[in-house]
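For reference, the structure discussed in these notes is given below.
Protein chains: 2
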Amino acid sequence: MTEATRRERLRAETEREIRQAARALLVDSGRDAVTLRAIARKLGITAPALYRYYDSHDALLRQLCDDICADMAEALYADLAAETSGQVNCKVRAVCHAFRRWALAHPQEFALVFASPRDPLGADQFGSVFLQLAGPLIASNQDAKHVDEEVPAALHEDLVRFQQVLMGAVSEHGVTVGDDVLNLGKIYHVIQSWVRLYGHVALEVFGRFPFAVSNPEPMFDSMLDQMLEEIGFHEDDPTAR
Amino acid sequence: MTEATRRERLRAETEREIRQAARALLVDSGRDAVTLRAIARKLGITAPALYRYYDSHDALLRQLCDDICADMAEALYADLAAETSGQVNCKVRAVCHAFRRWALAHPQEFALVFASPRDPLGADQFGSVFLQLAGPLIASNQDAKHVDEEVPAALHEDLVRFQQVLMGAVSEHGVTVGDDVLNLGKIYHVIQSWVRLYGHVALEVFGRFPFAVSNPEPMFDSMLDQMLEEIGFHEDDPTAR
DNA sequence: CGGTTTCAGTGAACGGTGTTTACGCAAGTC
DNA sequence: GACTTGCGTAAACACCGTTCACTGAAACCG
Numbered sequence: 001m002t003e004a005t006r007r008e009r010l011r012a013e014t015e016r017e018i019r020q021a022a023r024a025l026l027v028d029s030g031r032d033a034v035t036l037r038a039i040a041r042k043l044g045i046t047a048p049a050l051y052r053y054y055d056s057h058d059a060l061l062r063q064l065c066d067d068i069c070a071d072m073a074e075a076l077y078a079d080l081a082a083e084t085s086g087q088v089n090c091k092v093r094a095v096c097h098a099f100r101r102w103a104l105a106h107p108q109e110f111a112l113v114f115a116s117p118r119d120p121l122g123a124d125q126f127g128s129v130f131l132q133l134a135g136p137l138i139a140s141n142q143d144a145k146h147v148d149e150e151v152p153a154a155l156h157e158d159l160v161r162f163q164q165v166l167m168g169a170v171s172e173h174g175v176t177v178g179d180d181v182l183n184l185g186k187i188y189h190v191i192q193s194w195v196r197l198y199g200h201v202a203l204e205v206f207g208r209f210p211f212a213v214s215n216p217e218p219m220f221d222s223m224l225d226q227m228l229e230e231i232g233f234h235e236d237d238p239t240a241r
Numbered sequence: 001m002t003e004a005t006r007r008e009r010l011r012a013e014t015e016r017e018i019r020q021a022a023r024a025l026l027v028d029s030g031r032d033a034v035t036l037r038a039i040a041r042k043l044g045i046t047a048p049a050l051y052r053y054y055d056s057h058d059a060l061l062r063q064l065c066d067d068i069c070a071d072m073a074e075a076l077y078a079d080l081a082a083e084t085s086g087q088v089n090c091k092v093r094a095v096c097h098a099f100r101r102w103a104l105a106h107p108q109e110f111a112l113v114f115a116s117p118r119d120p121l122g123a124d125q126f127g128s129v130f131l132q133l134a135g136p137l138i139a140s141n142q143d144a145k146h147v148d149e150e151v152p153a154a155l156h157e158d159l160v161r162f163q164q165v166l167m168g169a170v171s172e173h174g175v176t177v178g179d180d181v182l183n184l185g186k187i188y189h190v191i192q193s194w195v196r197l198y199g200h201v202a203l204e205v206f207g208r209f210p211f212a213v214s215n216p217e218p219m220f221d222s223m224l225d226q227m228l229e230e231i232g233f234h235e236d237d238p239t240a241r
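Protein sequence lines correspond, in order, to chains P and R. Numbering-wise (full-length UniProt numbering), the first sequence opens with residue 1 and increments by one. Numbering-wise (full-length UniProt numbering), the second sequence opens with residue 1 and increments by one.
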């Protein structure tokens with residue numbers, strides 16, 4: 001059956017338990033509670049044993065971040081799949097809502113990934129997950145009216161590079177679009193939208209709006225309306241495809 | 001001269017040195033380097049002595065946050081004062097730029113205040129500092145065209161509460177305006193702008209844009225243009241006052 | 001099968017942390 | 001001068017990440 005040796009199976013099982021224990025500690029008691037000794041205690045082993053699995057406490061936390069991002073990606077895909085209407089703007093809206101919902105439901109995880117100083121100058125993990133999902137959707141909106149002239153000239157070079165990334169993500173999903181559809185203007189607006197989405201969700205998760213907002217959801221919704229409008233989706237416009 | 005007793009002077013001096021040492025450690029080596037023992041070492045005393053000044057390590061960090069915010073407020077006021085043109089939109093722009101500049105120049109401080117889980121449901125400190133400064137400016141823009149009907153009805157109650165806060169800040173600056181000038185629509189757009197400002201600066205300071213941006217400044221500038229437009233400032237429009 | 005290698009896990013130790021406690025000792029008070 | 005106040009210390013406690021020499025069982029090999 002299992003072609004893996006007994007040792008390998010046990011090792012894989014232990015590693016699974018380590019991640020699980022670390023995650024539980026994070027969720028229950030926050031980032032600072034995720035200590036090697038606490039994890040070891042949960043497994044009934046001693047702390048140094050964990051060094052057989054991870055080089056350091058830091059490496060373990062990094063792994064935890066990756067796990068969290070993978071989980072979020074899964075949740076986002078699931079929520080997108082549940083949106084069965086053919087309308088693209090509904091799908092985009094669904095993904096945005098899914099991102100907010102996930103962040104609110106997993107504040108400790110969000111804070112950890114958000115506040116972890118990853119590989120310097122590396123890409124944001126949330127951004128990668130989210131945009132590689134939303135990118136293809138937005139690209140498939142054929143009738144957006146943005147032209148490249150709208151965006152600051154100084155950004156052209158960076159945007160072209162990001163355009164390549166997004167087109168790669170799109171083609172991985174089967175579809176291929178020309179750079180006339182996913183043009184610089186559209187990409188620019190996508191990033192502007194990401195800034196707003198990120199800002200709102202971070203402020204809301206951390207409870208940091210400049211005044212007490214009793215129910216931030218309508219604020220989020222109306223922001224979404226405006227964002228989608230800017231990207232090129234229009235309320236009454238079916239844009240089915 | 002000093003009507004304070006010798007003991008009080010020494011105590012005040014030591015407290016100043018503690019804050020200074022803590023700040024230096026934060027700036028030089030990051031949040032985790034701000035330990036009681038490291039601070040004590042800098043002062044040539046022992047760690048428990050610090051408990052004569054702060055109840056706990058946490059309380060000291062909180063004090064540090066407050067100091068940082070006060071410093072930022074000072075920097076923002078200074079930059080605003082340096083903007084001598086009478087045009088209000090220039091002043092708003094100056095404060096926004098000052099916020100970004102400060103955050104980029106003080107990444108460790110920004111990260112600490114940003115990531116510190118303050119009093120739950122309390123107001124954001126950056127938001128308070130910034131908006132109490134920008135609020136009066138924006139309020140003084142008489143000819144904004146927003147009407148209350150634009151904002152989601154569910155937000156009315158919260159916005160009215162925030163309106164009171166802002167009007168208080170305005171009147172503290174000498175001016176008084178009616179709630180017809182600082183109406184709900186305008187306040188709503190101010191908050192939307194804060195979300196974008198916050199999102200952009202956080203992403204930039206943490207190096208977390210979804211792709212490598214070689215020079216984020218033009219992106220910030222063009223975002224600012226769009227924000228000011230939405231709030232009710234127009235490019236060609238002097239709006240002097 | 002027996003010998004050997006591999007490796008998960010242990011226990012002790014080192015240097016670091018926040019925090020508490022009992023104590024000395026100088027400054028202020030009456 | 002006696003008494004109180006309060007800053008600072010040393011020692012201790014319970015944690016933490018990390019290293020190192022070690023055990024013992026699993027895996028491998030001739």
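Glycine residues also receive a C-beta, built at the ideal position from the N, C-alpha and C atoms.
_Does threonine 14(P) come out as helix, strand or coil in the three-state DSSP assignment?_
In the three-state reduction of the DSSP assignment, threonine 14(P) falls in the helix class, which pools H, G and I.
*asked:* For glutamine 192(P) and methionine 223(R), what's the separation of their Cα atoms in angstroms?
replied: Going by the C-alpha atoms only, they are around 8 angstroms apart.
*Ends of the alpha helix (DSSP H) at serine 171(R)?*
For serine 171(R), the enclosing alpha helix (DSSP H) covers residues 156-172.
*Where in the region 10-64 of chain R do unbroken runs of the alpha helix (DSSP H), each at least 4 residues long, occur, reported from the N-terminal end onward?*
Within the region 10-64 of chain R, the complete alpha helix (DSSP H) runs of at least 4 residues are 36-43.
*Roughly how many angstroms separate the alpha carbons of arginine 241(P) and glutamate 150(P), rounded to a whole number?*
Legend: pLDDT at arginine 241(P) = 44, less than 50; position of this residue unreliable, value from coordinates given subsequently. Their Cα atoms are separated by approximately 27 angstroms.
*Around the C-beta of glutamate 74(P), are 16 or more other C-beta atoms found within 10 angstroms, so that it is buried, or is it exposed?*
With fewer than 16 Cβ atoms within 10 Å of its Cβ, glutamate 74(P) is classed as exposed.
*DSSP three-state call for glycine 207(R): helix, strand or coil?*
Under the three-state reduction of DSSP, glycine 207(R) is assigned to coil, being neither helix nor strand.
*Report buried or exposed for glutamate 109(R), applying the criterion of at least 16 other Cβ atoms within 10 angstroms of its Cβ.*
Its Cβ being crowded by 16 or more others within 10 Å, glutamate 109(R) is buried.
*What number of angstroms, rounded off, separates the C-alpha of alanine 47(P) from the C-alpha of serine 56(P)?*
Looking at the backbone, the Cα of alanine 47(P) and that of serine 56(P) are separated by about 11 angstroms.
*Between which two residues does the alpha helix (DSSP H) harbouring phenylalanine 233(P) extend?*
No alpha helix (DSSP H) contains phenylalanine 233(P), which DSSP labels as neither H nor E.
_Below-7 angstroms beta-carbon distance, leucine 131(P) vs any chain R residue_ = At least one chain R Cβ lies under 7 angstroms of leucine 131(P).
*Output yes or no for whether 7 angstroms exceeds the beta carbon distance between proline 216(R) and histidine 173(R).*
The answer is no: Cβ separation not under 7 angstroms.
_Considering just the uninterrupted stretch of the alpha helix (DSSP H) at alanine 212(P), what are its terminal residues?_
Looking at the DSSP string, alanine 212(P) is not in any alpha helix (DSSP H), and its letter there is neither H nor E.
*Under 7 angstroms between the Cβ atoms of proline 107(R) and valine 205(R)?*
Result yes, Cβ atoms of proline 107(R) and valine 205(R) sit closer than 7 angstroms.
*Who are the Cβ neighbours of methionine 72(R) in its own chain at under 7 angstroms, not counting the five residues just before and after it?*
The beta carbon of methionine 72(R) is closer than 7 angstroms to those of Trp102, Val129 in its chain, skipping five residues each way along the sequence.
*Does the Cβ-Cβ distance between leucine 133(P) and leucine 76(P) come in under 7 angstroms?*
Between leucine 133(P) and leucine 76(P), the gap from beta carbon to beta carbon is short of 7 angstroms.
*Tell me whether glycine 178(R) sits in a helix, a strand or coil according to DSSP, three-state version.*
Coil, per DSSP.
*Exposure label - aspartate 66(R); buried when at least 16 CB within 10 Å*: An exposed status is given to aspartate 66(R), since fewer than 16 other beta-carbon atoms sit within 10 Å of its beta-carbon.
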